């Protein structure tokens, strides 16, 4: 047996704990079966408890499978073991959540039976696959978040665990809310979704999307674990994910693109590029917040570039750098394709400039504030995008801070801020260092 | 066994190790000493391939820590200064997991766990939870976990911190046994007295560099001989019995002899047979504290 799984089963799935969970659940279901009609049914109670075990508590267990190792100072010995990255990932993912899955699996028949009875076996099985995938997806996102967050060395395990839980629950809830709304769409006459010009039924597209993102979450866990276990990763997996995300996002042209086109009157063929650009930009901001942005590593990268070891630097690039670079390339292509609509092209250039500024704010936040600096950077961005434009509205100068109005001046202001902060960041990396 | 070349390691804002060059011989216990914050723990973590150097390289048994960290982990045991145990697991399960996680098969892991426990004197506590052990016993369990896969190199960071005198003595004996079994040990500490009992060589880390530029031999083939009363011809008598005389007077001498018990016994027997009243016949070790302060300037 996978030693990591076995150790987790010893710790998390004691016979007493499992018996307690089973006993409590069966009591709840027994109470549900004799409750007066109109009150919550057994299947509703089971669904709520499934969410509790698999998602709410499961994401916490998955996040703690790494965070607690650091808190208890056992992580170094795990890193020194011979356990491979994938073995370690699934040992933690299913071992640390063993009690959660036990509770969730006890709930599952009570959820699926009414669906099976009313809509047939196929619908019941599909719902079962959705629920199981959703649980694994939430926990995989929480585990992945914990593997990214530990590099920040915040020293606050409660906050780290909470953030990982939020990420996992958010991912599961976002997906489930889409899944739940399928019936409403179908009742309004929308039964298919067009993606890259092809029709898909809503349920099959949602299931495929969930399974694909679950696959990427697991690949992400594997890649992050490789890094923890001192394997060299390289940027290729993240680049592949960016390509996937850009293609996935761009496929919704007929859903979102129509609205964009109506607003900006841009060539229809460029809409997928815009959607791809937005997807990439989201990852640039996300990873700029999550990744450690270690000044020593940045200085080392600078040294590699200066000494001509470009491939070595490329292999060591961080995810936020790749996302930022990809967004810049796609954004410039988009601006070129919108050359006939100058206001739209300038808006894109301004957005790229403001993104450069924002990434530099995250970097400076890290340099001056350590791990807490990322939250300070978020606060500054909230002020820049929400508070200050509102205050400057009467002076009509909000375009200096956000890409709205006065396109030409907005581009100038955005890139002046972006380049200015980039120079400051470079200076900080090189100068605020002493050799004793 | 361990080769360190031009090693540089940075933390944000300062350089922790600045061009360290060092060679650590196989089958010896090397003490890594130095003031707090000198870079000892960072150096050990770099040797354990837990950190990546900014520049320079570390090789263990010919393997580069940057290129083959996992292969190094298979050959290495490491006890950090602040270690953790799975408190809810029994000693047996802790060691079984440690063995399995180091690639020992399920069939052999049980035997490996029991052998490691016996080695550190925990064989009678196999079913006790790790959380119920005393500080000294926890330390022993942590060492057992680090040696369960019989590594070629064992790195210990402040292993005696917080131990009582008996536990420290037991630790010294254990480290000497491991060395005698052929293991290479590097032990970091800032308590010099405890290192004197078992260290063969000493490396002083000061301000991110190796003071003096190399490791210092603490145990030599030198013997110190003292007579109860002065006698002429001591140097000639020593030479006649095969010793190389380094210093000699009428009542004391320092000689170099082969590091073999038989050669030393023969020398002692010869001196007594020749009527020399030998009252002291001991290894001429260098006092660790003396060497340390002679190298670390301005830190009395």
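Chains as they are written, first to last, in the working numbering: chain H, 9 to 444; chain L, 1045 to 1344. Built from N, CA and C at the ideal position, the CB exists for glycine as well. Quick caveat, the model's predicted, so the values are computed rather than measured.
- The C-beta distance from residue 74 of chain H to residue 155 of chain H rounds to 6 Å, short enough to meet the 8 Å contact threshold.
- Within the segment 130 to 195 of chain H, the alpha helix (DSSP H) runs of at least 4 residues that lie entirely inside it are, in chain order, 165 to 188 and 190 to 195.
- Beta-bridge pairing by DSSP links residue 1062 of chain L to L:1052.
- Residue H:291 holds the alpha-carbon nearest to the alpha-carbon of residue 331 of chain H among H:282, H:291, H:393 and H:434.
- Taking a C-beta cut-off of 7 Å against chain H, the contacting residues of the segment 1090 to 1115 of chain L are 1092, 1093, 1094, 1098, 1113 and 1114, listed in chain order.
- For a Cβ distance threshold of 7 Å, residue set 1098 of chain L lies close to residue 308 of chain H, ordered along the chain.
- Residue range 327 to 345 is occupied by the alpha helix (DSSP H) that includes residue 330 of chain H, with no beta strand (DSSP E) assigned at that position.
- Judged by DSSP secondary structure, residue 1298 of chain L falls within the beta strand (DSSP E) whose first and last residues are 1296 to 1300.
- Nearest CB-CB separation between residue 85 of chain H and chain L: below the 8 Å threshold.
- Ranked by Cα distance from residue 1308 of chain L, the options L:1069, L:1052 and L:1287 are led by L:1287.
- Of all C-beta pairs linking the segment 1216 to 1234 of chain L to the segment 1258 to 1273 of chain L, fewer than three are shorter than 8 Å, placing the two stretches out of contact.
- Taking the Cα of residue 1282 of chain L as reference, the smallest distance to any Cα among L:1299, L:1226 and L:1319 is reached at L:1299.
- About 13 Å separates the Cβ atoms of residue 97 of chain H and residue 224 of chain H, ruling out a contact at the 8 Å cut-off.
- For residue 91 of chain H, a Cβ of chain L is located within less than 8 Å of the residue's own Cβ.
- Between residue 1082 of chain L and residue 1123 of chain L, the alpha-carbon positions lie close to 19 Å from each other.
- The way I'd put it, the segment 99 to 114 of chain H doesn't touch the segment 184 to 193 of chain H; fewer than three beta-carbon pairs between them come closer than 8 Å.
- Between residue 130 of chain H and residue 204 of chain H, the gap from beta carbon to beta carbon reaches 8 Å or more.
- With its beta carbon less than 8 Å from one in chain L, residue 82 of chain H belongs to the interface.
- Annotation for residue 1245 of chain L: the continuous beta strand (DSSP E) segment containing it runs 1245 to 1250.
- With the criterion set as a beta carbon lying under 8 Å from some beta carbon of chain H, the segment 1259 to 1277 of chain L has no members that meet it.
- Legend: CB atoms of the segment 1054 to 1082 of chain L lying less than 8 Å from CB atoms of chain H belong to residues 1054, 1055, 1056, 1057, 1058, 1059 and 1062.
- When 7 Å is used as the limit between beta carbons, residue 303 of chain H is near these residues of chain L: 1056, in chain order.
- Per DSSP, residue 252 of chain H lies in no beta strand (DSSP E) segment; the continuous alpha helix (DSSP H) that holds it begins and ends at 244 to 258.
- Apart from sequence neighbours up to five positions away, the residues of its chain that approach residue 1170 of chain L with a beta-carbon distance below 7 Å are 1134, 1135, 1136 and 1161, ordered along the chain.
- The Cβ-Cβ distance between residue 226 of chain H and residue 148 of chain H falls below 8 Å.
- For residue 160 of chain H, no Cβ of chain L is located within less than 8 Å of the residue's own Cβ.
- Take the alpha-carbon of residue 1104 of chain L and the one of residue 1149 of chain L: they are about 25 Å apart.
- At a Cβ-Cβ threshold of 8 Å, residue 1128 of chain L and residue 12 of chain H do not count as neighbours.
- Within chain L, the residues 1141, 1144 and 1145 have their CB atoms less than 7 Å from the CB of residue 11 of chain H, given in chain order.
- Under DSSP, the beta-bridge partners assigned to residue 1268 of chain L are L:1298 and L:1326.
- In the three-state reduction of the DSSP assignment, residue 111 of chain H falls in the helix class.
- Apart from the 5 residues on each side of it in sequence, residue 1084 of chain L sits with its Cβ closer than 7 Å to the Cβ of 1076, 1078, 1232 and 1249 in its chain, given in chain order.
- Using beta-carbon distances, residue 1286 of chain L does not count as an interface residue toward chain H, since no partner is under 8 Å.
- Annotation for residue 293 of chain H: the continuous alpha helix (DSSP H) segment containing it runs 279 to 298.
- Listed along chain L, the residues sitting closer than 8 Å to residue 19 of chain H by beta-carbon distance are 1130, 1132 and 1133.
- Annotation: residue 418 of chain H to residue 393 of chain H spans about 14 Å, alpha carbon to alpha carbon.
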